[in-house]
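Trainee: Heads up: the sequence shown begins at 219 in my numbering, then just goes up one per residue.
Think of the CB as a built atom: it goes at the ideal place given N, C-alpha and C, for glycine as much as any other residue.
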Amino acid sequence: MKRSRNSSIPVIVLGLIFFVFNNNSFSQEKSKEFTQAQLYDDIASLFETLETIHPDLYFYTPKDSIDVLIEQAKAKITDPMTALDFWKLMGPVVAKLGDGHTGLYFPRKSYYMYLDSSNVIFPFEVVVRDNKVFVSKNYSADSLLNPNTEILEINGMAMNFLLNEIRKYQWGERQSFIDLKTGLNFNTYLWMLYGESTNFDLRFVSSTNNQTYVKNVPGIIFDSYRRAKQKDNTEDRDFWFYQVADQKIGVIEFNSMRRGGDFKNFLDSTFRAIQSDSISDLIIDIRKNGGGNSSLVVSLFSYFNTKPYTQATQMDVKISRQARKQFRKMIFKWYTYPLYPVTLFFNETRPILWGKKGKVVSFHEQPETHKIREPFFNGDVYLLTSPNTFSSANILAAVFKCYDMGTIIGEETGGVTIAFGDLIYFSLPNTGLPGICSYKKFYHPCGNPDNRGVIPDTEVIPDPEDLKDNRDTVLEFTIETILEKR
Numbered sequence: 219m220k221r222s223r224n225s226s227i228p229v230i231v232l233g234l235i236f237f238v239f240n241n242n243s244f245s246q247e248k249s250k251e252f253t254q255a256q257l258y259d260d261i262a263s264l265f266e267t268l269e270t271i272h273p274d275l276y277f278y279t280p281k282d283s284i285d286v287l288i289e290q291a292k293a294k295i296t297d298p299m300t301a302l303d304f305w306k307l308m309g310p311v312v313a314k315l316g317d318g319h320t321g322l323y324f325p326r327k328s329y330y331m332y333l334d335s336s337n338v339i340f341p342f343e344v345v346v347r348d349n350k351v352f353v354s355k356n357y358s359a360d361s362l363l364n365p366n367t368e369i370l371e372i373n374g375m376a377m378n379f380l381l382n383e384i385r386k387y388q389w390g391e392r393q394s395f396i397d398l399k400t401g402l403n404f405n406t407y408l409w410m411l412y413g414e415s416t417n418f419d420l421r422f423v424s425s426t427n428n429q430t431y432v433k434n435v436p437g438i439i440f441d442s443y444r445r446a447k448q449k450d451n452t453e454d455r456d457f458w459f460y461q462v463a464d465q466k467i468g469v470i471e472f473n474s475m476r477r478g479g480d481f482k483n484f485l486d487s488t489f490r491a492i493q494s495d496s497i498s499d500l501i502i503d504i505r506k507n508g509g510g511n512s513s514l515v516v517s518l519f520s521y522f523n524t525k526p527y528t529q530a531t532q533m534d535v536k537i538s539r540q541a542r543k544q545f546r547k548m549i550f551k552w553y554t555y556p557l558y559p560v561t562l563f564f565n566e567t568r569p570i571l572w573g574k575k576g577k578v579v580s581f582h583e584q585p586e587t588h589k590i591r592e593p594f595f596n597g598d599v600y601l602l603t604s605p606n607t608f609s610s611a612n613i614l615a616a617v618f619k620c621y622d623m624g625t626i627i628g629e630e631t632g633g634v635t636i637a638f639g640d641l642i643y644f645s646l647p648n649t650g651l652p653g654i655c656s657y658k659k660f661y662h663p664c665g666n667p668d669n670r671g672v673i674p675d676t677e678v679i680p681d682p683e684d685l686k687d688n689r690d691t692v693l694e695f696t697i698e699t700i701l702e703k704r
């Protein structure tokens, strides 16, 4: 087909229009300001919503303490503010509530627009260990900043100061989980709190030679960062299976509790492979699993567990307009609404859909036998956990341990065994900042009110030095343990 020499001009023009529009939108979004009255209204709406929905909002931090923080934040609103500046004030106040499922999100639109305009970000991924920050992945051209390099200072700011500032915005019950999120979100919060930077003045102790350096390092364009991340596409997989060569050991990497239908198909093919290849020991790795749909726990256990169990011995539900609306969406389609009055006759639905708003109702569960699926696995099962094991993944670990389904190896989980959860989403009326709030409290089997996670049978804590050598010492230890038992 003949192509005109000028056929690419419309594409270029459209691209230019998009670029100008996108950058104008970013500038407008970033600079739009809200009056003191609007921001005060958002604060009132925020805490009215949280107090209405949450079953025990001030469980971790007393209301008096939160009220002081609110008044301190309000005192700083003397002039109009952007949504980002307002979030900088209120994000730490909500995070101080201490519930890992309740928080105020930053204005993501501003950040995504910034990234889409081909801007640069901090060229490293980091982990937080023992109040120190180490490089976990280096996307710069400087080999002195390889994994396990300790960063001491960024743009004149000491790392202790930066850590404490970013930690204020992380929601969570346990410090290990807060530190994990601080590392995962470090690049985003560096931009959110301190603005754009094309270069970064760093002081660091290089893992290459243990010497201290001061260097100016260019940032990385986000598209380049994204392409580099995509090279290791396993990070984006929700679940997959592989075998340890010549050892009859299988490993299920289970990183996210979503895509339930696909997960069932994955389990079917995986356990058929386990059977056909005579796998004798199975490792289930949930160290990167931050949760999702807890029904996937039942699907997984059905292939190797015959014991009766429950995921929660007690569940408390706060009745509110928002919870009622969410519950209706879960159990009704538009064409089944005429059946709504029938819910009055069921113990599971009557309290929530017909009970008094503001009341907390409790449901109790006994362990029950679940369906067993074939091919059933009769070998030993090992579960790997970390501070990133949270929410529904934390439930998996709690049930696994309480009912003695196998051996847990690794680190204490990031979630707790008596936890708030199940989310209701909301947004503030003026700034539009989005947030989430728990409306249930779960008492997981063998749970304790000690603010501890699920404690492994054998604790193995990775050393930052292992980052440099790309070693997985937890997995190595587990494989060695299996081989020693044979």
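Which one or two residues does DSSP pair with residue 414 in a beta bridge?
Mentor: Locating residue 414 in the sequence shown gives position 196, where the first residue counts as 1. For residue 414, which the question treats as bridged, DSSP gives no partner whatsoever.
Trainee: List the endpoints of the continuous alpha helix (DSSP H) containing residue 485.
Mentor: Locating residue 485 in the sequence shown gives position 267, where the first residue counts as 1. From DSSP, the alpha helix (DSSP H) with residue 485 extends over 478-494.
Trainee: Tell me the DSSP bridge mates of residue 436?
Mentor: As a first step, residue 436 must be located in the sequence shown, where it is residue number 218. 417, per the DSSP bridge assignment.
Trainee: Out of 265, 258, 260 and 272, point me to the one whose CA is closest to residue 642's CA.
Mentor: The residue you call residue 642 lines up with position 424 of the sequence shown. When only C-alpha atoms are compared, the closest one is 272.
Trainee: Under 8 Å by Cβ, that's how I've got residue 632 and residue 605 pegged, so tell me the actual separation to the nearest angstrom.
Mentor: Within the sequence shown, the letter at position 414 stands for residue 632. Within the sequence shown, the letter at position 387 stands for residue 605. Going by Cβ atoms, the distance from residue 632 to residue 605 rounds to 4 Å, so yes, they are a contact pair.
Trainee: Going by DSSP in three states, residue 397 sits in which element: helix, strand or coil?
Mentor: One-based indexing of the sequence shown puts residue 397 at position 179. Here residue 397 sits in helix by DSSP.
Trainee: Please give me, in chain order, every unbroken run of the beta strand (DSSP E) with length at least 3 that falls completely inside the region 299-354.
Mentor: Counting only runs of 3 or more, we get 342-347.
Trainee: So, is residue 388 buried or exposed, given that buried needs 16 or more other C-beta atoms within 10 angstroms?
Mentor: Residue numbering aside, residue 388 sits at position 170 when the sequence shown is read from its first letter. Under this definition residue 388 is a buried residue.
Trainee: Within 10 angstroms of the Cβ of residue 377, are there 16 or more other Cβ atoms? Answer buried if so, exposed if not.
Mentor: Here residue 377 corresponds to residue number 159 of the sequence shown, with the count starting at 1. Flag for residue 377 reads buried.
Trainee: What first and last residue would you give for the beta strand (DSSP E) that runs through residue 655?
Mentor: For the purposes of this step, residue 655 is taken as residue 437 along the sequence shown, with counting starting at 1. 652-661 is the span of the beta strand (DSSP E), which, as asked, contains residue 655.
Trainee: How would you label residue 576, buried or exposed, when you count the other beta carbons within 10 angstroms and need 16 or more for buried?
Mentor: Within the sequence shown, residue 576 is the residue found at index 358, counting from 1. Exposed is the call here.
Trainee: Does the region 350-365 touch the region 419-430, meaning 3 or more C-beta pairs lie closer than 8 Å?
Mentor: Judged by Cβ distances under 8 Å, the region 419-430 makes contact with the region 350-365, as three or more pairs qualify.
Trainee: Kindly examine the ligand NAP and report whether one of its heavy atoms sits closer than 7 Å to the Cβ of residue 643.
Mentor: Inclusion of the ligand NAP in the displayed structure is not the case, the ligand content being empty and no account of it being possible.
Trainee: Using the Cα positions of residue 666 and residue 692, report the straight-line distance between them to the nearest angstrom.
Mentor: For this step, residue 666 is matched to residue 448 along the sequence shown. For this step, residue 692 is matched to residue 474 along the sequence shown. Roughly 26 Å between the two C-alpha positions.
Trainee: CA-CA distance, residue 544 and residue 672?
Mentor: Position 326 of the sequence shown, counting from 1, holds the residue named residue 544. Position 454 of the sequence shown, counting from 1, holds the residue named residue 672. The straight-line gap from Cα to Cα measures roughly 30 Å.
Trainee: Kindly list the residues whose CB is nearer than 6 Å to the CB of residue 540, restricted to its own chain and excluding five residues on each side of it in sequence; keep chain order.
Mentor: Mapped onto the sequence shown, residue 540 falls at position 322. Within the same chain, residue 540 has close Cβ partners 271 and 642.
Trainee: Skipping 5 residues on each side, what residues in its chain have a beta carbon closer than 7 Å to that of residue 649?
Mentor: Sequence index remark: in the sequence shown, residue 649 carries index 431 (1-based). Excluding sequence neighbours, residue 649 sits near 252, 260, 301 and 304.
Trainee: Between the Cα of residue 438 and those of 613, 310, 333 and 488, spot the shortest distance and give me the residue it belongs to.
Mentor: Counting from 1 along the sequence shown, the entry for residue 438 is found at position 220. Cα-wise, what sits closest to residue 438 is 333.
Trainee: Mind checking who residue 472 pairs with in its DSSP beta bridge?
Mentor: The count along the sequence shown starts at 1 and reaches residue 472 at position 254. In DSSP, residue 472 forms a bridge with 457.
Trainee: Just tell me which of 594, 518 and 501 has its CA closest to the CA of residue 493.
Mentor: Here the question's residue 493 lines up with position 275 in the sequence shown. Taking only the C-alpha atoms, the option nearest residue 493 is 594.
Trainee: Identify every residue that forms a DSSP beta bridge with residue 533.
Mentor: Start at 1 with the first residue of the sequence shown, and residue 533 comes out as number 315. Answer is 581 and 660.
Trainee: Take residue 413 and list the residues in its own chain whose beta-carbon comes closer than 6 Å to its own, dropping the five residues that flank it on each side.
Mentor: In the sequence shown, residue 413 corresponds to position 195, counting from 1. Counting only Cβ-Cβ distances below 6 Å, and skipping sequence neighbours, we find nothing.
Trainee: How many Å lie between residue 420 and residue 698 at the Cα?
Mentor: By one-based count along the sequence shown, residue 420 stands at place 202. By one-based count along the sequence shown, residue 698 stands at place 480. Cα to Cα, the separation comes out at about 40 Å.
Trainee: Determine the direct distance from the alpha carbon of residue 629 to that of residue 416, and round the result to whole angstroms.
Mentor: Mapped onto the sequence shown, residue 416 falls at position 198. Mapped onto the sequence shown, residue 629 falls at position 411. If you take the alpha carbons of residue 416 and residue 629, they lie about 37 Å apart.
Trainee: So, with DSSP's three-state summary, where would you put residue 383?
Mentor: Position 165 of the sequence shown holds residue 383. Correct three-state label for residue 383: helix.
Trainee: Closer than 7 Å by C-beta to residue 476: which residues in its own chain qualify, once you throw out the five before and the five after it? Chain order, please.
Mentor: Taking the first residue of the sequence shown as position 1, residue 476 is located at position 258. 456, 510 and 511.
Trainee: Let's test the definition: count the other Cβ atoms within 10 Å of the Cβ of residue 722 and tell me whether it reaches 16, buried, or not, exposed.
Mentor: Because the chain here runs from 219 to 704, residue 722 falls outside it and cannot be looked at.
Trainee: How many whole angstroms separate the CB atoms of residue 435 and residue 418, which I take to be in contact at a CB cut-off of 8 Å?
Mentor: Stepping through the sequence shown from its first residue, residue 435 is reached at position 217. Stepping through the sequence shown from its first residue, residue 418 is reached at position 200. With 8 Å as the limit, residue 435 and residue 418 qualify as a contact, their Cβ atoms being about 5 Å apart.
Trainee: Within its chain, find whatever has a CB closer than 7 Å to the CB of residue 514; leave out the 5 residues flanking it on each side and keep chain order.
Mentor: Position 296 of the sequence shown, counting from 1, holds the residue named residue 514. Counting only Cβ-Cβ distances below 7 Å, and skipping sequence neighbours, we find 475, 478 and 481.
Trainee: Tell me which residue opens and which closes the alpha helix (DSSP H) that residue 275 is part of.
Mentor: Translated into positions along the sequence shown, residue 275 becomes position 57. Looking at the DSSP string, residue 275 is not in any alpha helix (DSSP H), and its letter there is neither H nor E.
Trainee: State the beta-bridge partners of residue 600 as determined by DSSP.
Mentor: For the purposes of this step, residue 600 is taken as the residue at position 382 of the sequence shown. Its beta-bridge partners are 501 and 625.
Trainee: According to the Cβ coordinates, are residue 284 and residue 257 closer than 8 Å?
Mentor: Taking the sequence shown and counting its residues from 1, the one referred to as residue 284 is at position 66. Taking the sequence shown and counting its residues from 1, the one referred to as residue 257 is at position 39. No, these two residues do not count as a Cβ contact at 8 Å.
Trainee: Could you give the C-beta distance for residue 495 and residue 461, rounded to a whole number, given that I count them as a contact under 8 Å?
Mentor: Position 277 of the sequence shown, counting from 1, holds the residue named residue 495. Position 243 of the sequence shown, counting from 1, holds the residue named residue 461. 7 Å between Cβ atoms; contact.
Trainee: Helix, strand or coil: how does DSSP classify residue 431 here?
Mentor: Indexing the sequence shown from 1 puts residue 431 at position 213. Of the three classes helix, strand and coil, the one that applies to residue 431 here is strand, per DSSP.
Trainee: Check whether the region 334-351 touches the region 582-602, taking contact to mean three or more Cβ pairs, one atom from each stretch, closer than 8 Å.
Mentor: Not touching, per the Cβ criterion.
Trainee: Check whether the Cβ atoms of residue 395 and residue 530 lie closer than 8 Å to each other.
Mentor: By 1-based counting over the sequence shown, the position of residue 395 is 177. By 1-based counting over the sequence shown, the position of residue 530 is 312. Cβ distance not < 8 Å, so residue 395 and residue 530 don't count as in contact.
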